[in-house]
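Here the sequence shown stands for residues -27 to -1, 1 to 262, where the numbers follow mature numbering (1 follows the signal peptide of the UniProt record, and there is no 0).
Just so you know, even glycine gets a beta-carbon here, dropped at the ideal spot from N, CA and C.
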Amino acid sequence: MNTIRLSIHKLLVFFLSCVLCIMAAQAENLAPIPALTAPVMDTANMLQQDTREDLNGQLLDFSHQHGSQIVILTVPTIAPETPFDYATRVMNNWRPGRMGVDDGVLLLLVRDEHKTFLATGRGLEGAIPDVYAKRILDDVLRPQLRANNTDGGVRQTVDILEKLIDGEKLPAVSQQPPQKQSFSAMFIEAMMLVFFGGAFLKNIFGTRLGSFILALLVLALGWYIGWNLILAVIIALFSYIVTYVFAGNVFVSDHYNPHDDNFWGGGGSGGGFSGGGGGYGGGGASGSW
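Have a look at this one:
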């Protein structure tokens, strides 16, 4: 019996290793997400320097006055992803807009594929519904891009977005915006999630399968919120080991009933210009030129 259990354990570890290797290999082919250091991240050099400087000043002023954040990202390519998939990763990584208000906007331009995407946070889906986003891309931005007037098209798009947001009844700018969590606080919350979540899963699925499931969940969560894949793999493996060795043995008795308890968890970070912790629900539209 012990031999069978050991074989199952080895099989689960091997399967987890294969999944991690496959995801890491796929991640190497995905376009990277640059660190957010300014409202305009022109990594594809599609804008003139004076345009970047003007827009950075304009968008910073708008953010200070209204709280909402509009960010612009140009990239050379996003293959093999779609504009929606890449924009979703960027929104979940940068998190523009205010925490709890979710009033961030991302304008994405993909130079080599001639693709665009306008992503709107949950709090702006009323001010900028998907149909408006589509019209802005097709009727305002696309003609200018086709005429090689990228600077003018982006400026016009930003002006329209600011007017739409200005017309929405959003919470006033807080004098003391919510503090972002420190790394130590995030680490403590992550460890609590691993221990308590691991205990919960171990008592439902058993030690090996529960540890394996938690590692996959940690990896999927890291992938979703835009962690560096190497970091996500390391944390997933660490959570597997910690759960397998400790979780459940320390916090949960042998007579634990999974229906008697509930579990929670959460996260955020930054320096210089950064997102305010806004959420993204998939709103927006794609375009091309």
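Integer Cβ distance of residue i from residue j, believed to fall under 8 Å
{"i": "residue 131", "j": "residue 28", "result": "6 Å"}
{"i": "residue 48", "j": "residue 92", "result": "Actually they do not touch by this definition, with Cβ atoms about 14 Å apart."}
{"i": "residue 258", "j": "residue 110", "result": "6 Å"}
{"i": "residue 138", "j": "residue 86", "result": "Not quite, the Cβ-Cβ distance comes to about 28 Å (not below 8 Å), so this is no contact."}
{"i": "residue 188", "j": "residue 212", "result": "5 Å"}
{"i": "residue 75", "j": "residue 94", "result": "4 Å"}
{"i": "residue 6", "j": "residue 63", "result": "6 Å"}
Start-to-end residues for the alpha helix (DSSP H) that takes in residue i
{"i": "residue 36", "result": "22 to 39"}
{"i": "residue 61", "result": "56 to 67"}
{"i": "residue 118", "result": "115 to 119"}
{"i": "residue 103", "result": "103 to 108"}
Residues near residue i in its chain [Cβ-Cβ closer than 8 Å; skip 5 each side]
{"i": "residue 38", "result": "146"}
{"i": "residue 99", "result": "141"}
{"i": "residue 61", "result": "92, 253 and 255"}
Cβ-based burial, residue i [other Cβ within 10 Å; buried from 16]
{"i": "residue 8", "result": "exposed"}
{"i": "residue 104", "result": "exposed"}
{"i": "residue 96", "result": "buried"}
{"i": "residue 214", "result": "exposed"}
{"i": "residue 260", "result": "buried"}
{"i": "residue 26", "result": "exposed"}
{"i": "residue 255", "result": "exposed"}
{"i": "residue 56", "result": "buried"}
{"i": "residue 53", "result": "exposed"}
{"i": "residue 19", "result": "buried"}
Span of the beta strand (DSSP E), counted from its first residue to its last, around residue i
{"i": "residue 145", "result": "Taken as a continuous stretch (DSSP letters only), residue 145 belongs to no beta strand (DSSP E), as it is neither H nor E."}
{"i": "residue 261", "result": "256 to 261"}
{"i": "residue 92", "result": "88 to 93"}
{"i": "residue 45", "result": "42 to 48"}
{"i": "residue 77", "result": "77 to 83"}
{"i": "residue 74", "result": "From DSSP, residue 74 is part of no beta strand (DSSP E); its letter is neither H nor E."}
{"i": "residue 19", "result": "Counting along the chain, residue 19 falls outside any beta strand (DSSP E), and DSSP gives it neither H nor E."}
Own chain partners of residue i with C-beta closer than 6 Å, once the 5 adjacent residues on each side are dropped
{"i": "residue 126", "result": "114, 117 and 118"}
{"i": "residue 69", "result": "42, 44, 77, 248 and 251"}
{"i": "residue 67", "result": "9 and 248"}
{"i": "residue 262", "result": "87, 115, 118 and 119"}
{"i": "residue 35", "result": "135"}
{"i": "residue 11", "result": "29 and 246"}
Cβ-heavy atom distance, residue i to the ligand GDP, below 7 Å
{"i": "residue 33", "result": "Judged by which ligands are present, the structure shown has none, so any question about the ligand GDP falls away."}
Same chain, Cβ closer than 7 Å to residue i, five either side skipped, listed in chain order
{"i": "residue 15", "result": "25 and 47"}
{"i": "residue 2", "result": "53"}
Checklist entry - Can we say the segment 75 to 95 touches the segment 43 to 57, given the rule of at least three CB pairs closer than 8 Å? => result yes
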